[in-house]
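With this note's numbering, the residue at position 26 of the sequence shown is 574, and numbering never jumps.
A quick write-up on the structure given underneath.
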Amino acid sequence: MLNPRSRAAARDVRNAHKLHQTVLSLTCPPELGDNARQTSATLHRLETTRDNHVLLVQSLTQPDPERLPSNYGAVATKPMDNLVGQLDTGVRVRYRLRATPVRYNGHKPIIQPGEDPLDWWTQRAPSRGLELHTTHITHTGTITGRKNPDAPRIVHRYAQYEGTATITDRDTALQAITHGIGRGRAYGLGLLSVALLKTE
549 MLNPRSRAAA RDVRNAHKLH QTVLSLTCPP ELGDNARQTS ATLHRLETTR DNHVLLVQSL
609 TQPDPERLPS NYGAVATKPM DNLVGQLDTG VRVRYRLRAT PVRYNGHKPI IQPGEDPLDW
669 WTQRAPSRGL ELHTTHITHT GTITGRKNPD APRIVHRYAQ YEGTATITDR DTALQAITHG
729 IGRGRAYGLG LLSVALLKTE
């Protein structure tokens, strides 16, 4: 949970690029080089409630909270080994995904006016090893930031999807969970969070 009194945390909440840099400082030692985010499979999602901001970070590398700005927030880590060990073909899960629902005109990503962003996810989930049972959009929004004051503005419109699904292909689903889905993964999009669906 981010410290509401931290200037660095407040800066990161306002600027997706600054948050991206802070997340990489947490999970990526310098020796990983220029492609550190991809090498470490670092993904994050900033979840906001009325009272606070919670930053979820997932990575193949061990995070080092000492690299965060002073008083940035409270840090808790949890290995995913137990969850991953229980995920298999046929297992039912609850999921959450914040992603930017874009299609391509050549190499240019576009969002068609009036297009239902729900279709974007329902059409892609099967190729990510999931059969959706329920899915709904909990909210939509825009992530923005700048690398520096003179740089072009970074803009990613997103939808947050939540629901239940069955894993149809374990390896494919784990690939999506580990490496994310869609564009904007450096800026807080694409993290597919899952939890085992409890049966009655």
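We put the beta carbon where it would ideally sit given N, CA and C, even for glycine.
Helix, strand or coil at residue i according to DSSP, with G and I counted as helix
i      : result
Thr637 : coil
Leu591 : strand
Ala743 : strand
Ala734 : helix
Arg718 : helix
Arg644 : strand
Ile702 : strand
Ile691 : strand
Ile685 : strand
Contact test: residue i Cβ vs the ligand ADP heavy atom, cutoff 7 Å
i      : result
Gln610 : Among the components modelled here there is no ligand, and therefore nothing to report on the ligand ADP.
C-beta contact flag for residue i and residue j at 8 Å
i      : j      : result
Val602 : Thr590 : no
Ile702 : Thr692 : yes
Thr712 : Val641 : yes
Asn532 : Met549 : The chain is shown from 549 up to 748; residue 532 falls before or after that span and cannot be answered.
Ala558 : Gly621 : no
Arg585 : Ala707 : no
Arg676 : Thr690 : no
Val571 : His592 : yes
Spatial distance of residue i from residue j (CA atoms)
i      : j      : result
Leu567 : Pro617 : 11 Å
Leu678 : Cys576 : 30 Å
Pro627 : Gly730 : 24 Å
Gln671 : His681 : 13 Å
Leu666 : Gly732 : 18 Å
Leu635 : Ile725 : 11 Å
Thr683 : Asn551 : 32 Å
Gly728 : Tyr709 : 14 Å
Ser588 : Thr686 : 29 Å
Leu574 : Thr625 : 12 Å
Arg555 : Asn619 : 9 Å
Asp717 : Thr637 : 5 Å
Arg615 : Ala721 : 31 Å
Taking only runs that begin and end inside the segment 561 to 630, name each unbroken beta strand (DSSP E) of 3 or more residues, in chain order.
591 to 596, 601 to 606
Does the count of Cβ pairs from the segment 611 to 629 and the segment 691 to 711 closer than 8 Å reach three?
no
Using a Cβ distance threshold of 8 Å, determine whether the segment 636 to 651 contacts the segment 740 to 747, with at least three qualifying pairs required.
yes
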